[in-house]
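Residue numbers (the numbering used here): 11 to 72.
Glycine is no exception: its CB is placed at the ideal position from the N, C-alpha and C atoms.
Keep in mind the model is a prediction, meaning the values are calculated, not measured.
Only one structure is covered here, and it is reproduced in the block below.
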């Protein structure tokens, strides 16, 4: 299905992308902590909202 070269390229690309992403995140960590203080609360409430929607959907389905 895939040649050996394609598999090697995919693995190397994924590993390189992951390493560069982590490196860039650590480089900008102080800036992110300064500018995005309340973002985790927005994320938590968004997840809670989605869970509530699923609960309503399944309770009305039955």
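Cα-Cα separation, residue i to residue j
i          : j          : result
residue 27 : residue 68 : 39 Å
residue 31 : residue 70 : 42 Å
residue 40 : residue 49 : 14 Å
residue 65 : residue 58 : 10 Å
residue 33 : residue 25 : 12 Å
residue 17 : residue 61 : 38 Å
Extent of the continuous alpha helix (DSSP H) run through residue i
i          : result
residue 55 : 49-71
residue 35 : 14-37
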